[in-house]
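2 protein chains.
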Amino acid sequence: MPDFAPLPALPYFAVIFTAQRAEGDHGYTAMADRMSDMALSSPGCLGMESTRHAGGFGITVSYWRDEASILAWKADAQHLVAQQLGQDRWYTHYNLRVALVERHYSGPEGRAPVRD
Amino acid sequence: MPDFAPLPALPYFAVIFTAQRAEGDHGYTAMADRMSDMALSSPGCLGMESTRHAGGFGITVSYWRDEASILAWKADAQHLVAQQLGQDRWYTHYNLRVALVERHYSGPEGRAPVRD
Chain G
1045 MPDFAPLPAL PYFAVIFTAQ RAEGDHGYTA MADRMSDMAL SSPGCLGMES TRHAGGFGIT
1105 VSYWRDEASI LAWKADAQHL VAQQLGQDRW YTHYNLRVAL VERHYSGPEG RAPVRD
Chain D
1045 MPDFAPLPAL PYFAVIFTAQ RAEGDHGYTA MADRMSDMAL SSPGCLGMES TRHAGGFGIT
1105 VSYWRDEASI LAWKADAQHL VAQQLGQDRW YTHYNLRVAL VERHYSGPEG RAPVRD
């Protein structure tokens, strides 16, 4: 997965997931890779950006066409298993926010934030 | 700065900044620390969550009460200097998205994503 997601047509949704990993892998890495691939091929998914520092605090933002596509991915059977394992084993804490993206730009070659 | 931001009263805004750092520090670390402190003490700022992996890809999400507080921080004189340095030196690429947070939850002790 490339680090950056494209900027699709506005408006669209962002699901902001911030999470602290617990100690140990416990099957996390393999499942996370699989869930990323599945989410990205899920209808209405527009991309994903994700990073984590060595201390285990990570942020994953996935982008979606509409609420229906978010809810469909959330209800996916294999994703439900992963969500339960996330609660039971992988994360000591997480926040999840669903937000409507109203504007966006990229840089440095794009619109300059200092001039708008 | 703690890793997690609180979940404030809905709705509120999220500014999602994803960026790839260029090689070398060039004053980045000191300025980033200063900008985080300044943003967090800026009127209307509700919190911030930020992480970056060793390869230099980072995500910072800041949360704001309203559009006016986002625009006021964006126009801050010292922040304008930092934005220009970000374009000129620190980032090879970035995406910035402004989004309205419509719902949120936290876990594992909070609302269980598998059951809603």
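The listed protein sequences correspond, in order, to chains G and D. First residue of the first sequence? That's 1045 in our numbering, and the numbers climb one at a time after it. First residue of the second sequence? That's 1045 in our numbering, and the numbers climb one at a time after it. Backbone N, C-alpha and C define an ideal beta-carbon position, used for all residues, glycine too.
Suppose contacts are defined by Cβ-Cβ distances below 9 Å. Is Arg1133(D) in contact with Val1059(D) by that definition? On the second sequence, residue 1133(D) is found 89 positions in, with the first residue counted as 1. On the second sequence, residue 1059(D) is found 15 positions in, with the first residue counted as 1. No, Cβ-Cβ distance for Arg1133(D) and Val1059(D) is not below 9 Å.
Short CB-CB distance (under 9 Å) between Glu1153(D) and chain G: Here residue 1153(D) refers to the residue found at position 109 of the second sequence. Interface with chain G (9 Å Cβ-Cβ cutoff): Glu1153(D) is included.
Terminal residues of the alpha helix (DSSP H) in which Arg1078(D) lies: In the second sequence, residue 1078(D) corresponds to position 34, counting from 1. For Arg1078(D), the enclosing alpha helix (DSSP H) stretches over residues 1072 to 1084.
Assuming Gly1088(G) and Arg1109(G) make a contact with CB atoms under 8 Å, what is their CB distance in whole Å? Position 44 of the first sequence holds residue 1088(G). Position 65 of the first sequence holds residue 1109(G). Sure, about 4 Å apart at Cβ, within 8 Å.
Beta-carbon spacing of His1097(D), His1097(G) below 9 Å: In the second sequence, the residue the question calls residue 1097(D) occupies position 53. In the first sequence, the residue the question calls residue 1097(G) occupies position 53. Yes, they are a contact pair.
Top-ranked residue by Cα proximity to Ile1103(G), from Ala1063(D), His1070(D), Leu1124(D), Glu1111(D): As a first step, residue 1103(G) is located in the first sequence; it is residue number 59 there, counting from the start. Out of Ala1063(D), His1070(D), Leu1124(D), Glu1111(D), Ala1063(D) has the C-alpha closest to the C-alpha of Ile1103(G).
What span of residues does the alpha helix (DSSP H) with His1123(G) cover, start to end? The residue given as residue 1123(G) occupies position 79 in the first sequence. 1121 to 1129 is the span of the alpha helix (DSSP H), which, as asked, contains His1123(G).
For Val1145(D), which option in Pro1046(G), Tyr1056(G), Asp1047(G), Phe1048(G) has the closest C-alpha, if you only look at C-alpha atoms? If you number the second sequence from 1, residue 1145(D) lands on position 101. Considering only alpha carbons, the answer is Tyr1056(G).
CA-CA distance, Thr1073(G) and Arg1065(G)? Indexing the first sequence from 1 puts residue 1073(G) at position 29. Indexing the first sequence from 1 puts residue 1065(G) at position 21. Taking the straight line from one Cα to the other gives about 11 Å.
Inter-residue spacing [alpha-carbon to alpha-carbon] between Ala1143(G) and His1070(D): Stepping through the first sequence from its first residue, residue 1143(G) is reached at position 99. Stepping through the second sequence from its first residue, residue 1070(D) is reached at position 26. So the two alpha carbons sit approximately 34 Å from each other.
In whole angstroms, what separates the C-alpha of Leu1115(D) from that of Leu1129(G)? Walking along the second sequence from the start, residue 1115(D) turns up at place 71. Walking along the first sequence from the start, residue 1129(G) turns up at place 85. Going from the Cα of Leu1115(D) to the Cα of Leu1129(G) covers about 40 Å.
Listing by chain order, which chain G residues have their CB less than 7 Å from the CB of Glu1146(D)? One-based indexing of the second sequence puts residue 1146(D) at position 102. Val1142, Ala1143, Leu1144, listed in chain order.
Taking Tyr1107(G) as the reference, give the member of Ala1126(G), Arg1078(G), Ser1085(G) with the closest Cα. Residue numbering aside, residue 1107(G) sits at position 63 when the first sequence is read from its first letter. Here the closest residue by C-alpha is Ser1085(G).
Below 7 Å between beta carbons is the criterion; list the residues of the segment 1059 to 1080 of chain D that meet it against any residue of chain B, in chain order. Of the protein chains in this structure, namely G and D, none is chain B.
Rounded straight-line distance, which links the Cα of Tyr1149(D) to that of Asn1139(G): If you number the first sequence from 1, residue 1139(G) lands on position 95. If you number the second sequence from 1, residue 1149(D) lands on position 105. Straight through space, the alpha carbons of Tyr1149(D) and Asn1139(G) are spaced by roughly 6 Å.
Here's a check: name, in chain order, each residue in its chain whose Cβ is nearer than 6 Å to the Cβ of Met1075(G), leaving out the five neighbours to either side. Residue numbering aside, residue 1075(G) sits at position 31 when the first sequence is read from its first letter. Leaving aside the five residues that flank Met1075(G) on each side, the residues in its chain whose CB is nearer than 6 Å to its CB run, in chain order, Ala1126.
Pick from Leu1051(D), Ala1083(D), Ala1049(D), Phe1061(D) that is closest to Gly1151(G), judged by C-alpha positions: Mapped onto the first sequence, residue 1151(G) falls at position 107. Checked all of Leu1051(D), Ala1083(D), Ala1049(D), Phe1061(D); the closest Cα to Gly1151(G) is Phe1061(D).
For the beta strand (DSSP E) that Leu1051(G) lies in, which residues bound it at each end? As a working note, residue 1051(G) is residue 7 in the first sequence. That residue, Leu1051(G), is in no beta strand (DSSP E); it is neither H nor E in DSSP.
At 8 Å on the CB atoms, spell out the chain G contacts of Arg1096(D), in chain order. Stepping through the second sequence from its first residue, residue 1096(D) is reached at position 52. Chain-order list of chain G residues neighbouring Arg1096(D): Thr1095, His1097, by C-beta distance under 8 Å.
Chain G contact residues for Leu1129(D), given Cβ-Cβ distances below 8 Å: In the second sequence, residue 1129(D) corresponds to position 85, counting from 1. Those within 8 Å of Leu1129(D) in chain G number zero; the least Cβ separation is about 10 Å.
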